[in-house]
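So in UniProt numbering, spot 146 of the sequence shown is number 146, and the numbers just go up one at a time.
The structure appears below as C-alpha cells.
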Amino acid sequence: MIHFPFDATRLEAHSVGKRGEEIRGMAEDGTTYKMKFAKELEAKVVPEWQQHYIQYRKLKKLLQPFKTTDAENPTQAWEAADTQFYSELRKEVDKVETFYLETVDRLQEYIRQWVYHAYKQQHKQQGGTATPGLTGWSKFFATSQSPQSPSQGSSLGQGDGGPPIPSPASLAAVADRLTTYAALNRLAIIKIIKKHWKLLSSTQHSGLIRTSKATETSILETLRTDRAFWTGQEAEALVEEARKIRWDSSRLRAKEAQTMVP
Numbered sequence: 001m002i003h004f005p006f007d008a009t010r011l012e013a014h015s016v017g018k019r020g021e022e023i024r025g026m027a028e029d030g031t032t033y034k035m036k037f038a039k040e041l042e043a044k045v046v047p048e049w050q051q052h053y054i055q056y057r058k059l060k061k062l063l064q065p066f067k068t069t070d071a072e073n074p075t076q077a078w079e080a081a082d083t084q085f086y087s088e089l090r091k092e093v094d095k096v097e098t099f100y101l102e103t104v105d106r107l108q109e110y111i112r113q114w115v116y117h118a119y120k121q122q123h124k125q126q127g128g129t130a131t132p133g134l135t136g137w138s139k140f141f142a143t144s145q146s147p148q149s150p151s152q153g154s155s156l157g158q159g160d161g162g163p164p165i166p167s168p169a170s171l172a173a174v175a176d177r178l179t180t181y182a183a184l185n186r187l188a189i190i191k192i193i194k195k196h197w198k199l200l201s202s203t204q205h206s207g208l209i210r211t212s213k214a215t216e217t218s219i220l221e222t223l224r225t226d227r228a229f230w231t232g233q234e235a236e237a238l239v240e241e242a243r244k245i246r247w248d249s250s251r252l253r254a255k256e257a258q259t260m261v262p
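Put into C-alpha cells, the structure is as follows:
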C-alpha cells in the first residue's frame with residue numbers, strides 16, 4: 001500500500017537539506033563531519049515511504065565476499081557474490097520504478113479532479129463559454145472524460161462520501177518529495193555500482209571483471225532508457241502542474257467571492 005503524507009508541513013519537516021546538498025552530522029564539540037552515504041540516505045528518507053527506497057545497506061553487505069581471499073575457492077565466492085548482487089540490484093530498481101509510477105499515477109488523478117473542478121467553475125463564471133488559457137495537462141484533463149465531480153474546499157471529494165482529495169499545496173509537496181525520492185535512489189544506485197566495481201577490480205580476476213562489466217552496462221542502459229524514475233521528469237512536471245492548480249484555485253475563489261458581494 002502506498003502512503004501519501006499529504007500534510008505539507010510534515011513533509012517539509014522530513015526534508016534534511018535541499019536536493020543535492022551534502023548532509024553533515026555534528027560532533028559533541030560542535031564540529032561538523034561528513035556523514036557516510038548510508039546514513040545520509042536514511043536521514044533524507046520520507047518515513048512513510050521507507051520500504052520503497054533502495055536498500056543500500058543490504059546491497060553493500062552483498063559485497064563482503066570481494067573483501068576476502070581466505071576462502072578455499074575465492075573465485076567461486078566472488079562469482080556467486082557478483083551474480084547475487086546484480087540479481088538484488090535489479091529487484092531494487094524494479095521496486096523503485098513501481099512505486100514511482102504508482103505515485104505519479106495517483107497524483108495525476110488527483111490533479112485531474114482539481115483541474116476539472118476549476119474548469120467547471122470557469123465555465124460557470126463565463127456563462128457557459130469555452131475556457132481559455134488551459135495548456136499542457138490542464139487542457140488534456142479538462143477536455144477528457146470527466147471524473148467524479150468533487151465538492152469545493154481546500155480539499156475535494158468530501159461531499160461524495162469518499163475520502164477528501166488533497167489540496168493543491170499538499171499535492172505539490174508530495175510531487176516535490178517524489179522528485180527527491182527519484183534523485184536519492186539514482187544516487188544510491190550509482191554509489192553502490194561504483195563500490196561494487198572498486199571491490200571487484202581489486203580481485204584482479206580478468207574474466208569475472210569482463211563479464212561483470214557487461215552486466216553493469218546492460219543495467220545502466222536499461223535505467224537510462226526504460227526506467228522513468230531515472231530522469232524524474234514526470235514528478236518535476238507534476239510539481240509545476242500542482243502549483244499552477246493552486247494558483248488557479250485561489251484566483252477562482254477570489255473571483256467567486258467578488259461576485260457574491262452585493
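Quick reminder that beta carbons are idealized off the backbone N, C-alpha and C, glycines included.
Just so we're clear, the structure is a prediction, and the values are computed from it rather than from any experiment.
- Message: If we require 3 or more residues per run, which beta strand (DSSP E) segments fall completely within the stretch 42-74?
- Response: none
- Query: Are there three or more Cβ pairs, one per stretch, closer than 8 angstroms when the stretch 42-57 is compared with the stretch 171-184?
  - Reply: yes
- Using only alpha-carbon positions, find the residue among W114, K95 and A188 that is nearest to P164. As a position in the sequence shown, residue 164 is number 164, starting the count at 1. Considering only alpha carbons, the answer is W114.
- Message: Within a Cβ cutoff of 6 angstroms, which residues of the same chain sit near V104, ignoring the five residues on either side of it in sequence?
- Response: Within the sequence shown, numbered from 1, the residue matching residue 104 stands at position 104. Once the five neighbours on either side are set aside, the close Cβ partners of V104 are E234.
- Pull up the distance between the alpha-carbon of S249 and that of T217, whole angstroms please. The count along the sequence shown starts at 1 and reaches residue 249 at position 249. The count along the sequence shown starts at 1 and reaches residue 217 at position 217. Roughly 47 angstroms between the two C-alpha positions.
- Top-ranked residue by Cα proximity to K58, from R246, H52 and E88: Locating residue 58 in the sequence shown gives position 58, counting from the first residue. Here the closest residue by C-alpha is E88.
- Report all residues from its chain with a CB closer than 8 angstroms to the CB of L208; omit the five preceding and five following residues, and keep chain order. By 1-based counting over the sequence shown, the position of residue 208 is 208. Hits under 8 angstroms: T75, W78, E79, D82 and L200.
- Residue from Q64, G232, V93 and L62 whose Cα sits closest to the Cα of Q51: Working through the sequence shown from its first residue, we reach residue 51 at position 51. The option with the nearest alpha carbon to Q51 is V93.
- By how many angstroms is the C-alpha of W230 removed from the C-alpha of P168? Working through the sequence shown from its first residue, we reach residue 168 at position 168. Working through the sequence shown from its first residue, we reach residue 230 at position 230. Going from the Cα of P168 to the Cα of W230 covers about 25 angstroms.
- Task: Count the other C-beta atoms from every protein chain shown that fall within 10 angstroms of the C-beta of N73, then say buried if there are 16 or more, exposed otherwise.
- Result: For the purposes of this step, residue 73 is identified with residue 73 of the sequence shown, where counting begins at 1. Counting other Cβ atoms within 10 Å of its Cβ, N73 stays below 16 and is therefore classed as exposed.
- Task: Could you pull the start and end residues of the alpha helix (DSSP H) that A172 belongs to?
- Result: The residue given as residue 172 occupies position 172 in the sequence shown. Element bounds for A172: P168 to S202.
- Once you ignore the five residues that flank residue 328 on each side, which residues in its own chain have a CB closer than 7 angstroms to its CB? With the chain covering only 1 through 262, there is no way to say anything about residue 328.
- Query: Looking at the structure shown, is R227 part of a helix, part of a strand, or coil, going by DSSP?
  - Reply: Taking the first residue of the sequence shown as position 1, residue 227 is located at position 227. Here R227 carries a coil assignment [DSSP, helix/strand/coil].
- Quick one: what does DSSP say H205 is sitting in, helix, strand or coil? Taking the first residue of the sequence shown as 1, we reach residue 205 at position 205. DSSP places H205 in coil when its eight states are reduced to three.
- Report buried or exposed for T68, applying the criterion of at least 16 other Cβ atoms within 10 angstroms of its Cβ. By one-based count along the sequence shown, residue 68 stands at place 68. Classification for T68: exposed.
- Can the beta-carbon of L63 be found closer than 9 angstroms to that of K195? The residue given as residue 63 occupies position 63 in the sequence shown. The residue given as residue 195 occupies position 195 in the sequence shown. Yes; because the gap between Cβ atoms is below 9 angstroms, this pair is in contact.
- For K36, does the three-state DSSP call read helix, strand or coil? Mapped onto the sequence shown, residue 36 falls at position 36. Here K36 sits in coil by DSSP.
- Same chain, Cβ closer than 8 angstroms to S206, five either side skipped, listed in chain order: Along the sequence shown, one-based indexing puts residue 206 at 206. No residues qualify anywhere along the chain.
- Task: Could you check the C-alpha separation between P65 and Q204 for me, to the nearest Å?
- Result: For the purposes of this step, residue 65 is taken as the residue at position 65 of the sequence shown. For the purposes of this step, residue 204 is taken as the residue at position 204 of the sequence shown. About 14 angstroms.
- If we count the other Cβ atoms within 10 Å of its Cβ and call it buried at 16 or more, is K244 buried or exposed? Counted from its first residue, the sequence shown places residue 244 at position 244. Answer is buried; the Cβ neighbour count reaches 16.
- Of the residues K198, D176 and K39, the one placed nearest A242, counting alpha carbons only: Walking along the sequence shown from the start, residue 242 turns up at place 242. The shortest Cα separation from A242 among K198, D176 and K39 belongs to D176.
- Query: In angstroms, rounded to a whole number, what distance separates the CA positions of R90 and K36?
  - Reply: Numbered from its first residue, the sequence shown carries residue 90 at position 90. Numbered from its first residue, the sequence shown carries residue 36 at position 36. Taking the straight line from one Cα to the other gives about 24 angstroms.
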